[in-house]
Structures are given as C-alpha cells and as structure tokens.
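**Q** Residue numbers (our numbering): 55 to 164.
1. Once the 5 residues before and after residue 125 are set aside, which same chain residues still bring their CB inside 8 Å of it?
2. Have a look at residue 80 and residue 120 and give me their C-alpha separation to the nearest angstrom.
3. Taking DSSP as the reference, what is the three-state secondary structure of residue 113?
4. Using a Cβ-Cβ cut-off of 7 Å (strictly less than) and excluding sequence neighbours within five positions of residue 93, which residues of its own chain qualify?
5. Report all residues from its chain with a CB closer than 8 Å to the CB of residue 156; omit the five preceding and five following residues, and keep chain order.
6. Considering only their Cβ atoms, is the gap separating residue 102 from residue 63 smaller than 8 Å?
7. Can you tell me whether DSSP reads residue 120 as helix, strand or coil?
8. Please report the distance separating the alpha-carbon of residue 100 from that of residue 107.
9. Report yes if the CB atom of residue 66 is closer than 8 Å to the CB atom of residue 132, and no otherwise.
This is the structure in structure tokens:
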C-alpha cells in the first residue's frame, strides 16, 4: 500500500470573492439561479490545472437544502471558509468517458 502525502491550504473568501447560488442539477444541462440568503453546508470536488469540478450544497433561512454542480457566477454574501487539501503524489485531470458521456476524473501518479 502506497502512502499519500498531502498539504492543506486554509482560505477565507470575503463578500464578492466568488461562491453562491448558480447550480446545475444532476442529469440537467441548464443552470439554476438561486436567490435569497444561503449558507454553504458542503463544498467538495477536485481542482486541477484545467479547472475545477465542484459540488455545492446550500441551506436557506428555513434549513431547506439544495445542491448540485457549482457553476460560474456564484458569489459570497458574507464569508466562506475553506480548507483545501493537495495530494502531492497524484495528478487529477478530466477525460471523456465512454460510459457517462461526460469528462470524468482520471487520477495519475506524479
């Protein structure tokens, strides 16, 4: 079993520094623009040299959650705290997948 080494980066985004409320739901092609006050309850995905593939879940003032692929155009209302981990021995990329029809994650050793 190979050991993976990693580094963590901590980030705090302030208002208007990107993240909230443009989502693409599973199996849909169009984006959904959400309006209102939301809190990020989960943000997970991958970052690579070609871009990002992120899944965002937000909760409104009544605790109702909504999630999907995070799309360009999201903004921060007050603050967003992130901890990002870098796996130092692998590289992420996206390549076309014959099964899904989408560009999917490919993990290769560095």
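Backbone N, C-alpha and C fix where the C-beta goes; we use that ideal spot for every residue, glycine too. The model shown is predicted, which means the values in this text are computed figures rather than measured ones.
**A** This is what the structure gives:
1. If you number the chain shown from 1, residue 125 lands on position 71. Cβ neighbours of residue 125 beyond the five flanking positions: 76, 77, 78, 85.
2. In the chain shown, counting from the first residue as 1, residue 80 sits at position 26. In the chain shown, counting from the first residue as 1, residue 120 sits at position 66. Approximately 12 Å, taken between the alpha carbons.
3. Indexing the chain shown from 1 puts residue 113 at position 59. Three-state result, residue 113: strand.
4. For the purposes of this step, residue 93 is taken as the residue at position 39 of the chain shown. These residues qualify, in order along the chain: 112, 113.
5. The residue labelled residue 156 in the question sits at position 102 within the chain shown. For residue 156, the CB contacts under 8 Å within the same chain, skipping 5 residues up- and downstream, are 150 in chain order.
6. On the chain shown, residue 63 is found 9 positions in, with the first residue counted as 1. On the chain shown, residue 102 is found 48 positions in, with the first residue counted as 1. By the CB criterion at 8 Å, residue 63 and residue 102 fall outside the cutoff.
7. Within the chain shown, numbered from 1, the residue matching residue 120 stands at position 66. Shown here, residue 120 sits in a strand according to DSSP, grouped into three states.
8. Taking the chain shown and counting its residues from 1, one reaches residue 100 at position 46. Taking the chain shown and counting its residues from 1, one reaches residue 107 at position 53. Rounded to whole angstroms, residue 100 to residue 107 spans 5 Å at the Cα level.
9. Locating residue 66 in the chain shown gives position 12, counting from the first residue. Locating residue 132 in the chain shown gives position 78, counting from the first residue. Going by C-beta atoms, residue 66 is not nearer than 8 Å to residue 132.
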